[in-house]
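In our numbering, the protein residues as written are 15 to 339.
Built from N, CA and C at the ideal position, the CB exists for glycine as well.
Here the structure is laid out as structure tokens; the discussion comes afterwards.
The structure is reproduced here in structure tokens:
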């Protein structure tokens, strides 16, 4: 299955200027332009993946491929990077996005609220209005997914899947207690060393270092994530993290209650960002909700052996929805 996915499933990379910021979009499947494709073969639904932090979309390609295959290759699966978390390689063409008529000037696009507006602007300008949406958010991407439902009820989202959702009390979580002082108070001290150490590195050295890390993590290198060692991207990821600690505090029960039939929550029993007690609280407060728990111990978010299993689970959850398309 892995070799079949690797060899046969096309993944198209684009860099789009969205809200004035370079944005990497990885498109799994043969459909690369949904707006101008008026043919009868245009799909009726888009599966849209929002990453965690850092928002390196290339890390999610194996999951997207597996999900595309598990849904019988009927629907495109797109992954979007976060604003400021991706820079186009030299010589790479950057496409200009049409302006979102509903968008106001985004004053802090690299922060939590700005990232939500960034995703909304993309969906409004790059996806046909009538096209159904399945939004899959991972970690802080789950928070952004809820915000999309809250602020854009006109978007035809039929299902929102929140994987390991950091949607509340981030600074109180086990990892949050460690990360809060580092991200909120000490990150400025790391900026200068980050630029001094990483900026002078030749591209070949960065390439070898990233390839080694990905190989150790057993992650495919189809789209090598050079932004992992790009100071500009790392600084923006740290800034977003600092805002997460301060702003992702109270669970948005009102939005959850309003959209509960569309939502699927998937928690991890050993997740240090949203511990099991958060799952227990959610089950208690929303007993009628589709709230699930992964009992497995996952060493990190991108274990290769977990990609196919996760894709198969998500495809099964979507089976009834997709059968109507």
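Just measuring C-alpha positions, the residue of 63, 122, 331 and 100 sitting nearest residue 242 is 100. Contact check for residue 181 against residue 265 passes: the beta carbons are separated by less than 8 Å. If you ignore the 5 residues before and after residue 122, its C-beta comes within less than 8 Å of the C-beta of 128, all in its own chain and listed in chain order.
The C-beta of residue 35 has 16 or more other C-beta atoms within 10 Å across all chains shown, which makes the residue buried. Rounded to the nearest whole angstrom, the C-alpha separation of residue 185 and residue 290 is 15 Å. For residue 31, the three-state secondary structure derived from DSSP is strand.
Ranked by Cα distance from residue 339, the options 283, 109, 90 and 98 are led by 90.
No Cβ-Cβ contact shorter than 8 Å links residue 262 with residue 205.
Boundaries of the beta strand (DSSP E) around residue 152: 146-152. About 21 Å separates the beta carbon of residue 108 from that of residue 63, a gap too long to meet the 8 Å contact definition. Assignment of residue 328 by DSSP, reduced to helix, strand and coil, places it in the helix class. The three-state reading of DSSP puts residue 281 in strand, counting E and B together. When beta bridges are read from the DSSP output, residue 171 appears opposite 147. In its chain, beyond the 5 residues on either side, 77, 80, 81 and 84 have a beta carbon closer than 7 Å to the beta carbon of residue 325. Distance from the Cα of residue 254 is smallest, within the candidate group 31, 28, 51 and 67, for 67.
Comparing alpha carbon positions, the residue from 49, 154, 284 and 42 closest to residue 26 is 42.
Using a Cβ distance threshold of 8 Å, residue 270 and residue 304 do not count as a contacting pair. Contact check between the stretch 169-179 and the stretch 283-302: three or more CB pairs, one atom from each, fall below 8 Å, which counts as touching.
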